[in-house]
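A.B. asks: Dropping a structure here in structure tokens format, bear with me for questions.
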Amino acid sequence: MRSTDPLLEVSGLRSAYGRIEALHGVSLQVDAGEIVALVGGNGAGKTTLLRTISGVQPMSGGGLSFAGRDISRASPHARVAAGIAQVPEGRQIFAPLAIEDNLRLGAYLRKDAEIAADLARVYDLFPVLKERRKNPAGGLSGGQQQMLAIGRALMSRPKLLLLDEPSMGLAPVLVDQVFEIITRLNREDGVTVFLVEQNAFAALSIATRGYVIETGEIAMEGKGSDLLADDRVREAYLGV
Amino acid sequence: MLKTVLAPRFAVPLVLAVLVVGLSFALPSNFYLRVAALVWISALAVIGLNLLMGYAGQVSLGHAGFFGIGAYAVAVLPAQFSLHPLLAALAGALAAGLLAYVVGRPILRLKGHYLAVATLGFGMLIAMTISNEAWLTGGPDGMPVERLTLLGWRVRGADTWYWITGGLLVIGAWIAGNLVASPTGRALRALHDSEVAARVAGIDVARAKLTVFVISAVYAAVAGAALALVNGFVTPDKANFMHSIELVTMVVLGGMGSILGSVAGAAILVVLPQVLTSFHDYEHMVLGLIMMVIMIVLRSGIVPGLASLLTGRRK
Ligand SMILES: Nc1ncnc2c1ncn2[C@@H]1O[C@H](COP(=O)(O)OP(=O)(O)OP(=O)(O)O)[C@@H](O)[C@H]1O
Ligand SMILES: [Mg+2]
């Protein structure tokens, strides 16, 4: 892989639900070490894009490459093995399973000896998970479930972390906490982050770069701070 | 040490072993030993089906088909090819596993009712094949099964079969417990809860489902082979739809996702009809009533239901 290659390259990506196309040729890239935010309103296609990148949603056209390799035909588990971990929309934790079992499932494809160390790191990031590690995950609050979902994704040791609306349904103070953790993961653990949000302000504030998606197409792109200052973005997504 | 012994994967086979040994003293006659052996055999098939239904959340209304394959393997292969009955049982288990592997790939893509109907059709296909190929299987009348001999010793008598089938059950429960506690077991429970989340965690969902489908088919075939050897006779009704439904009922009645529950479910449906014969014409009505009451009172099945009643009271 040449060092100039982006970690994730999405080019002209299309995806459809039956005959209705939800993504009409989306192109974007995420470089190693970045936090990239994708913002957009209800039904713009954010979730569809993330699901297509992780492979649980079929693509109908375009290209997808990760770390210089074409992954457009790879199965979801092969993409996890390659280093992509998705925190799905609405968390989707395994409610009846113990918290620690949820985390161990994140490491399902790993055989190495450092799983225990990574588990300790997740507990270090989210101490509340450690306190209740034997309890069923369904008993956690919304914010704690979001932390568990992030922790589970981290257990696969991803190069790229895909986050689908981590702020959804959280109180403002928790939103700040979650975004602070994301920044820490990026800085301290070197995890590249691709973040999808309706909460454009929070997302663009921590992002190196950002994209705006509207009805299945990229409408704008730029530095996080530039987009935050842009009049059109402010009007449409920040309510100013 | 105590903690390891108390872990479910050791505790459950231990409890069953104690039960098998204990009952052998308590049961007064060969008739009871025979009924108990039938319970152990059904329980073995039910444990396998419970792995599929209770842990992985996939239904099969065709498992009697696999049961029939095991049963007819020990009937047909020794008769036609003078194969030793144990080798025949092994061949039956392999054939059931292989067939499950082949049909499981397309069928397990289906979900819920669609999966139920597809497995139903598959089971009926096997039952009809067994009934129709009379030259090989004796058709609807069934066929005799050669007696099992081990190193020149003829296996016979209700007590002998009680111990053999009880041993099979303990081993089956032990293997199932280990599977459930393994990463594969965790993956099964995960995909039961959310397939999408399981996929993005890196679980090959199709493969995990296929694995447990094959394992459950092998359990059913081994149970079928054991029943054929115990009875010394096979009939096609053990491969048919009603028997599939009976196995599913045992799983649900005993408790989804509970290995001890599988034994309880099998015990109820094997023992109760024997007990209720005194009700003559009303036998089935009373049985149905009891099943309904159990499900209403213990919603999650006998073992999980009783467990939550007990722990709930203690709190
Ligand atoms: N399962 C589905 N079947 C059919 N159409 C769907 C399905 N899921 C999404 N869509 C459609 O695809 C488009 C994009 O939806 P998507 O969920 O990707 O949007 P989103 O940006 O994630 O929205 P939100 O912010 O509300 O989560 C929408 O028009 C939506 O109606
Ligand atoms: Mg969405």
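So the protein sequences, as listed, match chains Y and E. For what it's worth, the numbering used here labels the leading residue of the first sequence as 1024, then goes sequentially. For what it's worth, the numbering used here labels the leading residue of the second sequence as -14, then goes sequentially. Glycine is no exception: its CB is placed at the ideal position from the N, C-alpha and C atoms. These figures come from a predicted structure and were not determined experimentally.
Would the C-beta of residue 1071 of chain Y count as close to ligand 1, meaning under 8 Å from any of its heavy atoms?
C.D. replies: It does: the Cβ of residue 1071 of chain Y is within 8 Å (strictly closer) of some heavy atom of ligand 1.
A.B. asks: Apply the 10 Å Cβ neighbour rule to residue 116 of chain E and answer buried if 16 or more other Cβ atoms are within range, or exposed otherwise.
C.D. replies: Buried: at least 16 other Cβ atoms inside 10 Å.
A.B. asks: Using a beta-carbon distance cut-off of less than 8 Å, what residues from the stretch 160 to 176 of chain E approach chain Y?
C.D. replies: For the stretch 160 to 176 of chain E, which is checked against every Cβ of chain Y, the residues closer than 8 Å are 168, 171, 172, 174, 175.
A.B. asks: Taking a cut of 9 Å between CB atoms, which residues from the stretch 202 to 220 of chain E lie near chain Y?
C.D. replies: Within the stretch 202 to 220 of chain E, no residue qualifies.
A.B. asks: Would you please state the rounded distance, in angstroms, between the beta carbons of residue 121 of chain E and residue 203 of chain E? I believe it to be under 8 Å.
C.D. replies: Contact doesn't hold; Cβ gap of about 22 Å is too wide.
A.B. asks: Where residue 28 of chain E and residue 169 of chain E are concerned, what is the direct C-alpha to C-alpha distance, given to the nearest angstrom?
C.D. replies: Approximately 22 Å, taken between the alpha carbons.
A.B. asks: Taking contact to mean at least 3 C-beta pairs separated by less than 8 Å, is the stretch 185 to 201 of chain E in contact with the stretch 1125 to 1136 of chain Y?
C.D. replies: With a cut-off of 8 Å, the stretch 1125 to 1136 of chain Y and the stretch 185 to 201 of chain E count as touching, because enough Cβ pairs lie within range.
A.B. asks: Taking 9 Å as the threshold (beta carbon to beta carbon), is residue -6 of chain E in contact with chain C?
C.D. replies: As a matter of chain content, chain C is missing from the structure shown, whose protein chains are Y and E.
A.B. asks: Quick check on the DSSP output: what are the complete beta strand (DSSP E) runs of length 3 or more inside the stretch 66 to 151 of chain E, in order along the chain?
C.D. replies: Listed in chain order, there is nothing to give.
A.B. asks: Kindly indicate which three-state DSSP category residue 1043 of chain Y falls into: helix, strand or coil?
C.D. replies: Residue state, collapsed to three classes: strand.
A.B. asks: Under 9 Å between the Cβ atoms of residue 218 of chain E and residue 127 of chain E?
C.D. replies: Taking 9 Å as the Cβ cut-off, residue 218 of chain E and residue 127 of chain E qualify as a contacting pair.
A.B. asks: What do you reckon, is the C-beta of residue 1205 of chain Y under 8 Å from a heavy atom of ligand 1?
C.D. replies: Incorrect: residue 1205 of chain Y has no Cβ contact closer than 8 Å to ligand 1.
A.B. asks: Show which residues of chain E have a CB atom less than 7 Å away from the CB atom of residue 1129 of chain Y.
C.D. replies: Near residue 1129 of chain Y (Cβ distances below 7 Å), the residues of chain E are 186.
A.B. asks: Using a threshold of 8 Å, is the CB atom of residue 1219 of chain Y nearer than that to any non-hydrogen atom of ligand 2?
C.D. replies: Checking every heavy atom of ligand 2 against the Cβ of residue 1219 of chain Y, one is found closer than 8 Å.
A.B. asks: Does residue 1124 of chain Y come within less than 9 Å of chain E when only Cβ atoms are used?
C.D. replies: At least one chain E Cβ lies under 9 Å of residue 1124 of chain Y.
A.B. asks: Do the CB positions of residue 1225 of chain Y and residue 1233 of chain Y come within less than 9 Å of each other?
C.D. replies: No, these two residues do not count as a Cβ contact at 9 Å.
A.B. asks: Going by C-alpha distance, which of E:251, E:238, E:123, E:49 is nearest residue 108 of chain E?
C.D. replies: Checked all of E:251, E:238, E:123, E:49; the closest Cα to residue 108 of chain E is E:49.
A.B. asks: Quick one, are the C-beta atoms of residue 1087 of chain Y and residue 1044 of chain Y less than 9 Å apart?
C.D. replies: Cβ atoms of residue 1087 of chain Y and residue 1044 of chain Y: not closer than 9 Å.
A.B. asks: Near residue 159 of chain E, what residues of its chain come up, given a Cβ to Cβ distance below 7 Å and the 5 sequence neighbours on each side ignored?
C.D. replies: If we look at residue 159 of chain E and ignore the five residues flanking it on each side, its Cβ neighbours are -2.
A.B. asks: Classify residue 57 of chain E: buried if its beta carbon has 16 or more other beta carbons within 10 angstroms, exposed otherwise.
C.D. replies: Buried: at least 16 other Cβ atoms inside 10 Å.
A.B. asks: Examine chain E for any beta-carbon lying closer than 9 Å to the beta-carbon of residue 1117 of chain Y, and answer yes or no.
C.D. replies: So, interface residue.
A.B. asks: Using a Cβ distance threshold of 8 Å, determine whether the stretch 1155 to 1173 of chain Y contacts the stretch 1115 to 1127 of chain Y, with at least three qualifying pairs required.
C.D. replies: Yes: the two stretches touch, three or more of their Cβ pairs being nearer than 8 Å.
A.B. asks: Find the residues of chain E that neighbour residue 1120 of chain Y, judging by a C-beta separation of less than 8 Å, and give them in chain order.
C.D. replies: Result: 171, 174, 175, 178.
A.B. asks: Just the Cα atoms here: how many angstroms apart are residue 1068 of chain Y and residue 112 of chain E?
C.D. replies: If I take the Cα positions, the gap works out to 49 Å.
A.B. asks: If you drop the 5 nearest sequence neighbours on each side, which residues of the same chain put their C-beta closer than 8 Å to that of residue 1241 of chain Y?
C.D. replies: For residue 1241 of chain Y, where only same-chain residues beyond five positions count, the Cβ hits under 8 Å are 1049, 1050, 1051, 1234, 1235.
A.B. asks: To the nearest angstrom, how far is the alpha carbon of residue 1074 of chain Y from that of residue 182 of chain E?
C.D. replies: Using only the alpha carbons, I get a separation of about 11 Å.
A.B. asks: Let me confirm a value: residue 1222 of chain Y is counted as buried when at least 16 other C-beta atoms fall within 10 Å, else exposed. Which label applies?
C.D. replies: Classification for residue 1222 of chain Y: buried.
A.B. asks: For residue 1099 of chain Y, which residues in chain E fall below 7 Å Cβ to Cβ?
C.D. replies: What residue 1099 of chain Y touches in chain E: 184, 185.
A.B. asks: Check whether the Cβ atoms of residue 1089 of chain Y and residue 1102 of chain Y sit closer than 9 Å, and answer yes or no.
C.D. replies: The answer is yes: Cβ separation under 9 Å.
A.B. asks: On the premise that residue 251 of chain E lies in contact with residue 240 of chain E, defined as a C-beta separation below 8 Å, what is that separation, rounded to the nearest angstrom?
C.D. replies: 12 Å between Cβ atoms; not a contact.
A.B. asks: Ignoring anything shorter than 4 residues or poking outside the stretch 163 to 198 of chain E, list the alpha helix (DSSP H) runs there in chain order.
C.D. replies: Here the runs fully enclosed are 168 to 178, 180 to 185.
A.B. asks: Run through the DSSP bridge pairs and tell me what residue 1126 of chain Y is partnered with.
C.D. replies: For residue 1126 of chain Y, which the question treats as bridged, DSSP gives no partner whatsoever.
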